[in-house]
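First comes the structure, then the notes that go with it.
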Amino acid sequence: MVEQTVQILSNERHSELYFRVVVRAPQIAPLVQPGQFAHVRILPLKEALLRRPFSIFQAEGGTFSILYKTVGKGTEVLSQMRSGEGLSVIAPLGRGFTVPPAGGETPLLIAGSYGMAALYLLAQRCPQRGIVFVGGRRRVDLLCEEEFRALGWEVRLTTEDGSGGEQGLVTQALMAELKRSSEGRRLFACGPTPMLKAVARMAAEFDVSAELSLDEHLCCGLGVCLTCVVPIKTDGGWEYQRTCTEGPVFDSRRVAWELVK
Amino acid sequence: MNLSVQIGKLRMQNPVTVASGTFGYGVEYAQLVDLNQLGAVVVKGLRLEGVAGHPTPRTVEVTSGLLNAIGLQGPGVDGFIKKYWPFLKELKVPTIINIWGTTIEEYGEVARRFDALEGVGALELNVSCPNIKEGGAQFGTDVRLLSQVVGVCREATRLPLITKLSPNVPSIRPYAQAAEQAGSDALSVTNSFPGMAIDIETRRPKLGNVTGGLSGPCIKPLAIKLVWEAAKAVQIPIIGMGGIQSAADAIEFLMAGATAVAVGTANFYEPQTALRVIAGVRQFMQEHGLRDVKELVGAVEVGQ
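As you go down the protein sequences, you meet chains D and L in turn. When you line the first sequence up against this note's numbering, it's residues 1451 to 1711, in that order. When you line the second sequence up against this note's numbering, it's residues 2 to 305, in that order.
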């Protein structure tokens, strides 16, 4: 991990709801593994103290980028920042996804809308292509469809209101696929907790392994404050582990789901 | 220019340390901060056994502050010694171990365990965690219990004892004096303040534990006043803490009567804060022609 004030190269609208900020960070970009995050202090946001965590979307050469939606004051201020301005970041942080080896299982990626941002690097670095399932409430909540297709991945869209792709939940589309064939498949998911719980249930039902990027509220991001803990099974029972340090990606079988709110 | 200070028998190369619970066990910051530049490292509170901690959500950001209810999650004495002590004992700067117990006897036992561990710099007694019913605030808000806890630890160890006082008392004076009389070598002033936040849409408290401890810049003036009052009440040195983000903040604490300071919540968002504070104090001393940082201690001029 590196702490640095990095320069914004571009900060533009990526889709109707999402922005994409690209920063120059030659010390950070080469270190990034799929599923890791950057902890960002938005310097013009004077009244906020804490950093905000963002999945790293793309990393190439000396730059990396973040996809974000304006959901609060922090991201609102971030969206108004211009190229040339500085962002204080600590990155890359956390333990990300395991890139499957060549000739291994076929990856199935499951994303609840913004979860796509955390899965792109995995798709890019997977030696074999797979299927990415992306779901959201409406068509505008979905993103990165073209980016995944450009990598040669099959993209299946679902929306709750039917405005894009199949109507329903992303996990329903996944269920249908696993029913067709579950052997030799491996799941990777990022999205809200109810979606992750459903993916974990399906992974158990079909006996496939699943790596899930957990969606916990973070504070320091460095493993110090113990805010982002999740119950993880141990030999004798369970213990709290840190989403920011032991995670955010956990094997679904290790999570003590009955204790997760 | 002399920045070193004495906290009882403990010598610190400069007056800037970190607040327990905001710096883990030091190792978490090793990649980002040169720990050997600090005055000391203070670890998160330890009791005999491991502690699971409170349910989530455990922290919530509030205006200019942070509300937390972690519940002193920790590995216990043995877990700490096994997992973290090999790293900490190699540091060139002292480690201050923050300890707590659910009974007076447990405080004594934990103190004895660390007394037997070669290389510990000092013990800080946590009698003021607002989130732990037993072992936390109850010892810090009852003068008689406070005296007993400090007394038992005094008997258990020759290490410097620093008693971390609760802010949640009508006057800090009798608590500061009770700790001093029971053999405390120094005081930490102060812990976080009890607080609460509510989500108005769900009508639920924002913390899993319902209430928590408030820290960060919003508590600084409250803490400055407590340090000032405690410093007038005792002869022993005080480590001042509460919302320090800059050298100017730290100097305020020194002027209020603190001999040393601890950076707390700021570690969570700007890990370099303590190092910047050290550099800034040095610069202030240069600009003001001061040769010893002790010239700042208690330098506030209250009279006409």
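Glycine is no exception: its CB is placed at the ideal position from the N, C-alpha and C atoms.
Which chain D residues sit within Cβ distance under 8 Å of THR64(L)? Start at 1 with the first residue of the second sequence, and residue 64(L) comes out as number 63. Ordered by position in chain D, the residues that pass the 8 Å Cβ test against THR64(L) are GLU1497.
Inspect the beta-carbon positions of ALA180(L) and THR158(L) and report whether they are closer than 8 Å. In the second sequence, the residue the question calls residue 180(L) occupies position 179. In the second sequence, the residue the question calls residue 158(L) occupies position 157. The answer is no: Cβ separation not under 8 Å.
How close, in whole Å, do the beta carbons of SER1767(D) and LEU1459(D) come, if the pair is a contact with beta carbons under 8 Å? Because chain D spans 1451 through 1711 in this model, residue 1767(D) falls outside it and cannot be assessed.
Residues near LEU1664(D) in its chain [Cβ-Cβ closer than 7 Å; skip 5 each side]: By 1-based counting over the first sequence, the position of residue 1664(D) is 214. Closer than 7 Å at Cβ, skipping near neighbours: LEU1646, VAL1680, THR1693, GLY1697, PRO1698 and PHE1700.
C-alpha distance - GLN273(L) paired with SER1465(D), whole-angstrom precision: As a first step, residue 273(L) must be located in the second sequence, where it is residue number 272. As a first step, residue 1465(D) must be located in the first sequence, where it is residue number 15. Cα to Cα, the separation comes out at about 36 Å.
I want to see whether chain D comes within less than 8 Å of PHE194(L), judged by CB atoms only; does it? The count along the second sequence starts at 1 and reaches residue 194(L) at position 193. Cβ-Cβ to chain D under 8 Å: no for PHE194(L).
Can you tell me whether GLU1633(D) is helix, strand or coil according to DSSP? Counted from its first residue, the first sequence places residue 1633(D) at position 183. Here GLU1633(D) sits in coil by DSSP.
Terminal residues of the continuous beta strand (DSSP E) containing ASP293(L)? The count along the second sequence starts at 1 and reaches residue 293(L) at position 292. First-last for ASP293(L): undefined, no H or E at that position.
Against chain L: residues of the segment 1451 to 1463 of chain D by CB proximity under 9 Å: MET1451, VAL1452 and GLU1453
Fully enclosed by the segment 202 to 232 of chain L, which beta strand (DSSP E) runs are 3 residues long or longer? 212 to 216
According to DSSP, simplified to helix, strand and coil, what is LEU33(L)? Position 32 of the second sequence, counted from the first residue, corresponds to residue 33(L). Coil.
Using CA atoms only, rank isn't needed, just tell me which of PHE254(L), ILE279(L) and LEU162(L) is closest to GLY241(L). Start at 1 with the first residue of the second sequence, and residue 241(L) comes out as number 240. Ranking PHE254(L), ILE279(L) and LEU162(L) by Cα distance to GLY241(L) puts PHE254(L) first.
Hey, does ARG59(L) have any beta-carbon neighbour from chain D nearer than 8 Å? By 1-based counting over the second sequence, the position of residue 59(L) is 58. Answer yes: the Cβ-Cβ gap between ARG59(L) and chain D drops below 8 Å somewhere.
Strictly under 8 Å for the Cβ-Cβ distance: is PHE285(L) near chain D by that measure? In the second sequence, counting from the first residue as 1, residue 285(L) sits at position 284. False, the Cβ-Cβ gap to chain D never drops below 8 Å.
With a 10 Å radius around its C-beta and 16 neighbouring C-beta atoms as the bar for buried, classify ASP1685(D) as buried or exposed. Start at 1 with the first residue of the first sequence, and residue 1685(D) comes out as number 235. The residue is exposed, with fewer than 16 neighbouring Cβ atoms inside 10 Å.
In this structure, how does DSSP classify PRO1681(D) when only helix, strand and coil are distinguished? On the first sequence, residue 1681(D) is found 231 positions in, with the first residue counted as 1. DSSP places PRO1681(D) in strand when its eight states are reduced to three.
What does DSSP give as the partner residues of THR96(L) in its beta bridges? Position 95 of the second sequence, counted from the first residue, corresponds to residue 96(L). Answer by DSSP bridge pairing, in chain order: VAL42(L).
Within chain L, partners of VAL1705(D) - CB distance below 8 Å: Looking up residue 1705(D) in the first sequence gives position 255. Going along chain L, no residue has its Cβ under 8 Å from VAL1705(D), so there is no contact; the nearest lies around 14 Å.
In whole angstroms, what is the alpha-carbon distance linking TYR85(L) and SER21(L)? Within the second sequence, residue 85(L) is the residue found at index 84, counting from 1. Within the second sequence, residue 21(L) is the residue found at index 20, counting from 1. Going from the Cα of TYR85(L) to the Cα of SER21(L) covers about 15 Å.
Consult DSSP for GLN7(L) and reduce its assignment to one of helix, strand or coil. The count along the second sequence starts at 1 and reaches residue 7(L) at position 6. Note: GLN7(L) maps to strand in three-state DSSP.
Could you name the residues of chain D that ILE71(L) contacts, counting a contact when the two beta carbons are closer than 8 Å? Taking the second sequence and counting its residues from 1, the one referred to as residue 71(L) is at position 70. In chain order: CYS1675, LEU1676 and THR1677.
Looking at ILE237(L): is its Cβ nearer than 8 Å to the Cβ of ALA275(L)? For the purposes of this step, residue 237(L) is identified with residue 236 of the second sequence, where counting begins at 1. For the purposes of this step, residue 275(L) is identified with residue 274 of the second sequence, where counting begins at 1. No, they are not a contact pair.
In whole angstroms, give me the CA-to-CA distance for THR64(L) and MET197(L). Taking the second sequence and counting its residues from 1, one reaches residue 64(L) at position 63. Taking the second sequence and counting its residues from 1, one reaches residue 197(L) at position 196. Computed Cα separation, rounded: 12 Å.
What three-state label does DSSP hand GLY22(L) in the structure shown? Residue mapping note: residue 22(L) aligns to position 21 of the second sequence, counting from 1. Looking at GLY22(L) - three-state DSSP - the assignment turns out to be coil, as it is neither helix nor strand.
What is the DSSP secondary structure of LEU49(L), counted as helix, strand or coil? Counting from 1 along the second sequence, the entry for residue 49(L) is found at position 48. Three-state DSSP puts LEU49(L) in coil, outside helix and strand.
8 Å Cβ cutoff, PRO272(L) in contact with chain D: Numbered from 1 along the second sequence, position 271 holds the residue referred to as residue 272(L). Yes - at least one Cβ of chain D is within 8 Å of the one on PRO272(L).
Reducing DSSP to helix, strand and coil, say where VAL1456(D) ends up. The residue you call residue 1456(D) lines up with position 6 of the first sequence. Of the three classes helix, strand and coil, the one that applies to VAL1456(D) here is strand, per DSSP.
Near-chain L residues of the segment 1534 to 1558 of chain D (beta-carbon distance less than 9 Å), N- to C-terminal order: SER1538 and ILE1540
Check whether the Cβ of PHE24(L) lies closer than 8 Å to any Cβ atom in chain D. One-based indexing of the second sequence puts residue 24(L) at position 23. Yes, PHE24(L) lies at the interface with chain D (some Cβ there is under 8 Å from its Cβ).
Considering just the uninterrupted stretch of the alpha helix (DSSP H) at MET242(L), what are its terminal residues? The residue you call residue 242(L) lines up with position 241 of the second sequence. Note, MET242(L): premise wrong, no alpha helix (DSSP H); beta strand (DSSP E) at 239 to 242.
Residue(s) in a DSSP beta bridge with ARG1474(D): Within the first sequence, the letter at position 24 stands for residue 1474(D). Partner(s): GLN1457(D) and THR1513(D).
Using DSSP's beta-bridge definition, name the partner residues of PRO1557(D). Taking the first residue of the first sequence as 1, we reach residue 1557(D) at position 107. Answer is ARG1636(D).
Put LYS1496(D) into one of helix, strand or coil per three-state DSSP. Taking the first residue of the first sequence as 1, we reach residue 1496(D) at position 46. DSSP places LYS1496(D) in coil when its eight states are reduced to three.
Considering just the uninterrupted stretch of the beta strand (DSSP E) at THR1608(D), what are its terminal residues? Indexing the first sequence from 1 puts residue 1608(D) at position 158. Its beta strand (DSSP E) spans residues 1604 to 1609.
Under 8 Å (Cβ pairs) to chain L, residues found in the segment 1502 to 1532 of chain D: none
Can you tell me the Cβ-Cβ gap for ALA249(L) and ILE239(L), rounded? I've got them flagged as a contact below 8 Å. The residue given as residue 249(L) occupies position 248 in the second sequence. The residue given as residue 239(L) occupies position 238 in the second sequence. Incorrect: roughly 19 Å between the Cβ atoms, too far for contact.
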